[in-house]
């Protein structure tokens, strides 16, 4: 009886693995995954005081390489949604130059740059577009970088 149960569970597990997508099928999903990875890294930054619920992230407009065919607004939306989706995460606001003056100790300006990190890689079944996402935390109105991180990966070009 336990052999049948084990075999049934194994078949269900393998069926579930075969049905799950191996790669993001849409640009939305690809950007959501990247946003979630970035949010994890930002919240783990040693410069970010704890608890993050007491912090305010001021989102500077991102720089997005046109070679990636991803709009600046679309990337900013994905990153913002990922940060807002973190339970007990920081407050998230759009940055404006007026915020440079009179900032408080719990405010952090988040800068991001998404760029192509090489030529399109042609595989037998798809093409991959390598990218590098650079993140930096600064105090509003200051040029000193308090934390930097880079995330590298590749988008499935069919999702773009």
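Residue numbers (our numbering): 44 to 203. Ideal placement from N, C-alpha and C gives every residue a C-beta, glycine not left out.
Any idea if residue i is buried or exposed, counting beta-carbon neighbours within 10 angstroms, 16 or more meaning buried?
i           : result
residue 93  : exposed
residue 199 : buried
residue 181 : buried
residue 89  : exposed
Does residue i come out as helix, strand or coil in the three-state DSSP assignment?
i           : result
residue 185 : coil
residue 98  : coil
residue 152 : strand
residue 172 : strand
Take residue i and list the residues in its own chain whose beta-carbon comes closer than 8 Å to its own, dropping the five residues that flank it on each side.
i           : result
residue 84  : 178, 192, 194
residue 124 : 75, 78
With a threshold of 6 Å on Cβ separation, who are the neighbours of residue i within its own chain once the five nearest residues in sequence on each side are excluded?
i           : result
residue 137 : 102
residue 95  : 86, 132, 133
residue 100 : 133, 135, 151, 153
Assuming residue i and residue j form a contact by the criterion Cβ under 8 Å, report the distance between their Cβ atoms to the nearest whole angstrom.
i           : j           : result
residue 157 : residue 108 : 6 Å
residue 176 : residue 81  : 6 Å
Leaving aside the five residues before and after residue i along the sequence, list all residues of the same chain whose C-beta is less than 7 Å from its C-beta, in chain order.
i           : result
residue 118 : 74, 105, 107, 157
As an exercise, report each continuous beta strand (DSSP E) stretch of at least 3 residues that is fully enclosed by the region 76 to 130, in chain order. 99 to 102
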